[in-house]
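For reference, the structure is listed below as structure tokens.
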Ligand SMILES: Cc1ncc(COP(=O)(O)O)c(C=O)c1O
Ligand SMILES: Cc1ncc(COP(=O)(O)O)c(C=O)c1O
């Protein structure tokens with residue numbers, strides 16, 4: 111697999127099918143890399159890889175718990191990168207983590223290490239536009255796509271800037287809240303998707319609260335696809351094996367494909 | 111028995127023997143009047159009768175407990191007086207109680223009731239010189255001797271006034287403290303006895319902490335006799351019957367008489 | 067908030083005002099009440115204290131020292147806070163004199179700093195005190211630490227259980243807390259025990275009485291040390307209120323020290339003075355004349371003259387007597403005394419907490435409860451101004467009202 | 067007492083002084099620290115708050131209201147109390163800025179009254195807050211009650227156990243206390259949870275941050291609301307001290323709000339500024355640069371960037387970060403940061419209680435412990451003058467130090 115996240119996703123979008131990006135917390139189980147492979151095999155267009163952090167401010171209980179498990183199991187950035195280096199999933203891998211892990215040495219070093227291991231993108235939810243400048247440069251230098259988040263509360267002016275400065279895709283939050291399955295998709299989600307689509311040609315993906323195949327299909331109708339995290343991680347915490355998680359991703363894939371028809 | 115406490119005690123003193131005034135809390139047992147009789151039979155020169163009060167500020171634990179028992183058993187001033195009226199002990203009975211019981215209706219009424227029941231004297235430890243004026247008049251009118259207390263802390267001028275205004279005898283406190291057997295007899299006791307004896311011809315009796323026959327004899331050497339309370343009440347609370355209390359008074363009597371020889 | 071105007075001009079100098087509550091003279095009599103009903107052994111000490119207090123009170127250096135300590139150490143003057151939201155709900159103007167804000171959390175410190183300075187001046191080494199709610203004990207332990215004196219505090223076993231926090235505070239401050247196991251095991255018995263101990267240690271110990279009670283000069287002296295509450299409040303009202311004087315001046319009454327200090331500042335004005343007692347300890351309402359703890363006053367007692375145990379949710383009001391001057395003010399009609407029950411008190415505490423963010427002591431909440439009731443019934447006319455002394459903060463009571471939430 | 071002269075001229079007007087700790091501008095940067103590291107969802111709220119604060123802070127009516135509330139409601143100015151006996155023992159002049167005397171018992175109220183007024187002005191209905199020791203939670207519940215707002219307070223389960231009294235106080239004040247069961251179950255996790263809740267309720271809820279932390283404008287705004295401590299103290303020192311300025315200005319540091327407010331008053335003077343952290347939560351000493359709870363600063367973390375749990379006997383100092391401005395002051399050498407251990411702290415609490423009759427909070431006792439150590443070692447030269455901010459009272463800690471007596 112070559113090319114940037116954005117090139118890859120844009121190409122996939124071109125096939126007319128909504129994009130699907132499932133999430134896994136790196137290190138949450140010893141065989142987590144198998145989960146990545148299972149996602150890819152089940153039709154994921156990219157995989158979001160959570161680098162666990164002790165204080166995940168924007169995560170709900172499910173992903174908090176997954177991160178807690180991974181940290182307790184000794185997961186480190188270095189360890190994840192070593193495993194990623196040997197993992198060829200066939201789709202782009204996008205790191206998602208919090209600023210504190212990114213700034214440890216320097217953002218340039220962090221981005222370079224990610225790229226060297228084969229990661230193609232980066233999401234840092236507590237690094238909004240005004241703090242992302244240096245990071246965006248470092249990511250660009252390393253050849254990583256820095257994905258920015260857009261929220262229902264963002265003004266049109268901010269959305270314009272986010273759409274312009276985001277790389278890979280634009281991560282549209284379905285609602286005001288943390289990750290997690292509970293809570294309604296805000297009415298603003300459709301509006302947010304529409305506005306972003308007006309503002310940019312980049313892929314726009316919805317994330318947060320995509321709790322079922324039906325919900326995924328519905329949301330994909332307002333944008334280019336979805337990111338699914340807590341619904342998968344809850345199943346994993348409840349004991350699901352990579353194969354079962356893959357099957358769930360496949361069911362999401364089917365729902366998206368049918369919804370798009 | 112006729113005459114005032116003072117006449118009675120002065121006459122007894124004339125026989126050359128130290129005076130002995132044992133104490134009992136009225137109502138502490140159903141047969142408390144037998145204790146009074148046993149005291150008299152054992153050689154008491156007068157008996158101090160405690161009218162129990164809920165808040166006996168100048169009493170130590172032993173007499174507090176005796177008072178508590180008596181009150182719990184339903185003892186009232188009226189009830190005590192009714193029993194006293196039928197009790198001819200052959201020696202003067204002196205009431206000892208706190209101001210609150212004395213002022214209930216009027217001090218005149220209280221004194222008259224005491225006298226009517228045959229009591230001859232009254233001790234009110236929380237009624238010092240400056241508060242005793244009205245009470246002294248009422249007692250005099252009723253024919254009761256109002257006994258005043260003198261303390262080691264009293265100035266010579268106060269002692270003079272106390273000695274002058276006390277009736278029956280002068281109650282000299284052996285020490286600064288409450289009733290009770292514990293605690294040393296203060297060095298000032300001898301001085302206090304001496305000073306009072308210089309100031310008055312009235313009998314001077316020591317009270318507080320007269321905890322043994324030996325102590326009684328020693329103290330009597332500095333004055334005209336002793337009041338013994340806690341040592342008796344402790345025995346009573348420990349289960350002693352009137353006969354045994356009488357025997358203890360007899361032992362005090364013997365010690366005093368021997369000490370005087 | 068904000069509907070009621072409030073300039074915030076506080077802490078103004080106290081004007082020398084009408085001193086209607088005056089010197090009770092050598093006999094310490096307030097009408098027929100007061101006096102010095104203590105054993106002869108204590109009479110010299112009472113004389114000595116009276117003489118020392120008269121000298122100190124007339125000595126500008128002593129007054130200056132006391133004043134400095136009250137300001138620089140204890141945090142006076144305390145503000146007069148409008149109860150903005152509760153006032154609106156009740157249709158009156160309710161002003162709170164914030165004794166809850168002084169060091170140690172109640173008005174007791176005003177008195178104790180004064181007495182401790184006096185004891186120090188008299189060369190005493192130890193302070194003795196009785197305590198009910200523990201506030202006076204904490205204040206005494208505090209002043210003892212400040213002046214390098216020892217402190218021994220007598221406290222009923224029942225109060226020790228109810229006010230554990232304050233017991234621990236006294237321990238932390240280095241004071242010895244002596245549990246009193248006699249009688250009702252509350253304040254009344256702690257007073258007896260403190261008196262007994264005082265008799266035997268009067269040479270080096272000073273008995274620091276916690277309210278306007280005890281033998282002369284205590285009721286007078288404690289009122290004088292608490293007068294600062296009323297004088298500050300009077301000056302603050304003068305500066306803040308259109309008419310200068312409130313219609314009502316209200317305070318809770320246990321022994322009656324916060325009320326006496328408050329009333330002293332307003333006795334010479336047109337304000338109606340109201341003392342509020344706990345229903346289960348309402349000596350002014352249900353008491354008869356008697357003698358307890360060294361003074362003559364109204365006392366809760368049975369028909370035979372045995373003193374009753376008081377019962378109140380507020381340990382500091384669990385006292386069967388009332389300061390002698392209050393009995394006198396009642397007889398003369400200058401002040402009136404009302405009662406409220408435990409239930410009203412707890413409700414009042416919660417209501418003030420939730421309308422004003424002020425958690426008052428259960429004792430102080432008695433005054434609040436009466437104002438709520440009287441404003442509700444129209445007894446306090448709509449539009450009236452009420453100055454209420456909030457004698458202390460409720461932290462000490464939180465554990466005991468927990469179950470009632 | 068009395069060897070040290072003290073005129074008692076307190077509460078003087080605060081002079082407009084050198085404002086060395088200034089406005090961090092639109093980006094909220096203190097050198098390399100600070101910023102606004104929050105999810106995009108919260109950015110509009112942060113902008114809105116910054117704009118509202120800038121407008122309010124420049125609005126005399128808002129300032130007047132805040133000033134009135136601080137004085138008439140919260141009990142400001144607080145006195146500057148000479149620690150007479152401890153000073154003599156240590157051979158220095160130790161002055162205590164008495165934040166323990168303000169309403170609710172700690173400096174937290176200064177900030178909260180300010181933020182609550184701001185939230186009210188912004189039309190918000192609810193205050194959200196995190197709390198460690200519970201003091202900030204109590205202050206928030208208090209201000210919410212005062213202004214008729216709702217309050218939801220997030221508190222770690224471990225702190226709920228340690229500071230039960232404060233939980234009950236919040237309940238009495240009508241606030242909802244939400245136990246936080248994640249992570250170390252202390253302040254850090256309560257912050258995370260408050261942030262998460264804020265994201266989902268940002269329309270009607272205002273996040274009332276409890277220290278100089280969080281995204282811009284909080285660290286700056288909270289310091290400005292706490293500046294009153296330093297400015298009062300500065301004016302009081304000017305009025306009382308021969309040289310006008312103390313040699314040392316010392317405060318404990320959890321997030322760092324009482325220290326920041328104190329330092330702000332003295333930054334433009336020659337005083338040496340010392341922040342004292344708990345050994346087990348000493349981000350300024352043992353931390354590395356990182357990003358936590360929305361700001362960049364020094365953070366206790368392992369080699370991999372996972373944030374460590376702080377450990378201190380003082381719940382309010384159990385925080386693995388430090389306000390960004392402190393990190394900047396440290397880097398620039400304008401302030402230094404020291405650590406003391408739990409044992410020294412408990413000893414210091416008892417020593418102050420027994421020499422001055424002041425039971426300080428465990429948090430505040432950190433500052434006292436350092437002064438005792440530094441005066442003992444000669445690091446603070448004999449004869450020096452030390453101004454120490456006593457951030458709060460120790461009543462909340464009494465139960466937890468019980469075993470240590
Ligand atoms: C807060 C508070 N208020 C009132 C009282 C009652 O005392 P007084 O009637 O003397 O003011 C107490 C007594 O402990 C108290 O702690
Ligand atoms: C009394 C007291 N002091 C200090 C602190 C620490 O906070 P900061 O460093 O923000 O002043 C706290 C926090 O709860 C506290 O309660």
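Chains as they are written, first to last, in my numbering: chain L, 111 to 371; chain Y, 111 to 371; chain B, 67 to 471; chain U, 67 to 471.
Positions of the beta carbon are idealized from the N, C-alpha and C atoms, including for glycine.
Please read all numbers here as calculations on a predicted model, not as lab measurements.
Using 8 Å as the threshold, is the region 216-224 of chain U in touch with the region 306-316 of chain U, meaning 3 or more CB pairs across them?
no
Report task. Check whether the Cβ of residue 173/B lies closer than 9 Å to any Cβ atom in chain U. Result -> Reading the third chain from its first residue, position 107 is the one you call residue 173/B. Under the Cβ criterion of 9 Å, residue 173/B is not counted among the residues facing chain U.
Starting from the beta carbon of residue 259/L, find every residue of chain U whose beta carbon is closer than 7 Å, and list them in chain order. Here residue 259/L is taken as the residue at index 149 of the first chain, counted from 1. In chain order: 105 and 106.
Point to revise | Cβ-based neighbour list, residue 448/B, same chain, cut-off 7 Å, excluding 5 preceding and 5 following | key: Here residue 448/B refers to the residue found at position 382 of the third chain. Here the set comprises 157 and 158.
Item to complete: For residue 148/B, write down the residues that DSSP places opposite it in a beta bridge.
Response: By 1-based counting over the third chain, the position of residue 148/B is 82. BP columns for residue 148/B point to 161/B.
Where residue 80/U sits in the DSSP three-state scheme
Position 14 of the fourth chain, counted from the first residue, corresponds to residue 80/U. The pLDDT assigned to residue 80/U is 38, lower than 50, so where the model puts this residue is not dependable; a value taken from the coordinates is nonetheless given after this. Correct three-state label for residue 80/U: coil.
What residues match up with residue 404/B in a beta bridge as DSSP calls it? By one-based count along the third chain, residue 404/B stands at place 338. Beta-bridge pairing by DSSP links residue 404/B to 342/B.
Taking CB distances under 9 Å as the criterion, tell me whether residue 87/Y reaches chain B. Lying before the first or after the last residue shown, residue 87/Y is absent from chain Y, which here runs from 111 to 371.
_Tell me whether residue 383/B, by its Cβ, gets closer than 8 Å to a heavy atom of ligand 1._
Within the third chain, numbered from 1, the residue matching residue 383/B stands at position 317. Yes.
Ligand 1 heavy atoms versus the CB of residue 274/B: any closer than 8 Å? If you number the third chain from 1, residue 274/B lands on position 208. Residue 274/B: no, Cβ never under 8 Å from ligand 1.
Notebook entry, point to check: Whole-angstrom Cβ separation of residue 234/Y and residue 209/Y, contact assumed at under 8 Å?
Noted result: On the second chain, residue 234/Y is found 124 positions in, with the first residue counted as 1. On the second chain, residue 209/Y is found 99 positions in, with the first residue counted as 1. That belief holds up - the Cβ atoms of residue 234/Y and residue 209/Y are roughly 6 Å apart, short of 8 Å.
- Task: Could you name each continuous alpha helix (DSSP H) segment of 4 residues or more that falls completely within the region 188-233 of chain Y, going from the start of the chain to the end?
- Result: As far as the region 188-233 of chain Y is concerned, its whole alpha helix (DSSP H) runs of at least 4 residues are 209-212 and 217-226.
Measuring only from the beta carbon, is residue 277/B closer than 8 Å to any heavy atom that is part of ligand 1? By 1-based counting over the third chain, the position of residue 277/B is 211. Checking the Cβ of residue 277/B against ligand 1 gives yes.
For the alpha helix (DSSP H) holding residue 208/U, just list the boundary residues, first then last. As a working note, residue 208/U is residue 142 in the fourth chain. Element bounds for residue 208/U: 201-213.
Query raised in the report: Does DSSP put residue 254/Y in a helix, in a strand, or in coil?
Result: Mapped onto the second chain, residue 254/Y falls at position 144. It is coil, neither helix nor strand.
Practice task
Please classify residue 297/U: is it buried, with 16 or more other beta-carbons within 10 angstroms of its beta-carbon, or exposed?
Solution key: As a position in the fourth chain, residue 297/U is number 231, starting the count at 1. Burial call: buried.
So with Cβ pairs under 9 Å, would you call residue 255/U a contact of chain L? If you number the fourth chain from 1, residue 255/U lands on position 189. Yes, its Cβ sits closer than 9 Å to a Cβ of chain L.
ask   = Are there 16 or more other CB atoms within 10 angstroms of the CB of residue 466/U, so buried, or fewer, so exposed?
value = Start at 1 with the first residue of the fourth chain, and residue 466/U comes out as number 400. It counts as buried.
### Query
In chain order, what residues of the same chain lie with their CB nearer than 6 Å to the CB of residue 248/L, ignoring the 5 residues before and after it?
As a position in the first chain, residue 248/L is number 138, starting the count at 1. Within the same chain, residue 248/L has close Cβ partners 217, 218 and 221.
Would you say the region 320-337 of chain L touches the region 122-134 of chain L, given that touching needs at least three Cβ pairs under 8 Å?
-> yes
Original post:
Between which two residues does the beta strand (DSSP E) harbouring residue 316/B extend?
Top reply: Reading the third chain from its first residue, position 250 is the one you call residue 316/B. Its beta strand (DSSP E) spans residues 314-318.
Ligand 1 and residue 318/B: does the residue's C-beta get closer than 8 Å to at least one heavy atom of that ligand? Position 252 of the third chain, counted from the first residue, corresponds to residue 318/B. For ligand 1, at least one heavy atom lies less than 8 Å from the Cβ of residue 318/B.
Tell me, please, whether the region 253-269 of chain B touches the region 222-240 of chain B by the rule of three or more beta-carbon pairs shorter than 8 Å.
yes
**Message:** On the DSSP bridge list, what partners appear for residue 330/Y?
**Reply:** Here residue 330/Y refers to the residue found at position 220 when the second chain is read from its first residue. None; residue 330/Y has no bridge partner.
- prompt: For residue 459/U, which residues does DSSP report across the bridge?
  reply: For the purposes of this step, residue 459/U is identified with residue 393 of the fourth chain, where counting begins at 1. Bridge partners of residue 459/U: 426/U.
Can you give me the C-alpha to C-alpha distance between residue 425/U and residue 176/B, rounded to a whole angstrom?
To locate residue 425/U, count along the fourth chain from 1; it is residue 359. To locate residue 176/B, count along the third chain from 1; it is residue 110. Approximately 18 Å, taken between the alpha carbons.
Between which two residues does the beta strand (DSSP E) harbouring residue 356/U extend?
-> Mapped onto the fourth chain, residue 356/U falls at position 290. Note, residue 356/U: beta strand (DSSP E), 354-358.
- Should residue 429/B be listed as close to ligand 1, given that the test is whether its C-beta is under 8 Å from any heavy atom? Your numbering for residue 429/B matches position 363 in the third chain. Flag set: Cβ of residue 429/B near ligand 1.
With residue 221/B and residue 203/B assumed to form a contact (beta carbons below 8 Å), what rounded beta-carbon distance in angstroms separates them? The sequence position of residue 221/B within the third chain is 155, counting from 1. The sequence position of residue 203/B within the third chain is 137, counting from 1. Indeed they touch by this definition, with Cβ atoms about 6 Å apart.
Note to self: My output table needs one value for residue 218/U: the three-state DSSP class, helix, strand or coil.
What the structure shows: Reading the fourth chain from its first residue, position 152 is the one you call residue 218/U. Reduced to three states, the DSSP call for residue 218/U is strand.
Tell me whether residue 201/B counts as near ligand 1, meaning its Cβ is closer than 8 Å to at least one heavy atom of that ligand.
Your numbering for residue 201/B matches position 135 in the third chain. Answer for residue 201/B: yes, Cβ within range of ligand 1.
From residue 212/U to residue 423/B, what distance separates their C-alpha atoms? Stepping through the fourth chain from its first residue, residue 212/U is reached at position 146. Stepping through the third chain from its first residue, residue 423/B is reached at position 357. In a straight line, the C-alpha of residue 212/U is about 5 Å away from that of residue 423/B.
Whose Cβ in chain B lies nearer than 9 Å to the Cβ of residue 144/U? Reading the fourth chain from its first residue, position 78 is the one you call residue 144/U. By Cβ distance, chain B contributes 141.
Give me the Cα-Cα distance between residue 141/U and residue 258/L, rounded to the nearest whole angstrom.
-> Taking the first residue of the fourth chain as position 1, residue 141/U is located at position 75. Taking the first residue of the first chain as position 1, residue 258/L is located at position 148. For residue 141/U and residue 258/L, the distance between alpha carbons rounds to 48 Å.
If we define contact as Cβ-Cβ less than 9 Å, is residue 243/B a contact residue for chain U? Numbered from 1 along the third chain, position 177 holds the residue referred to as residue 243/B. Cβ-Cβ to chain U under 9 Å: no for residue 243/B.
Contact set for residue 233/B: own chain, Cβ-Cβ below 6 Å, skip 5 residues either direction:
Counting from one through the third chain, the residue named residue 233/B turns up at place 167. These residues qualify, in order along the chain: 226 and 243.
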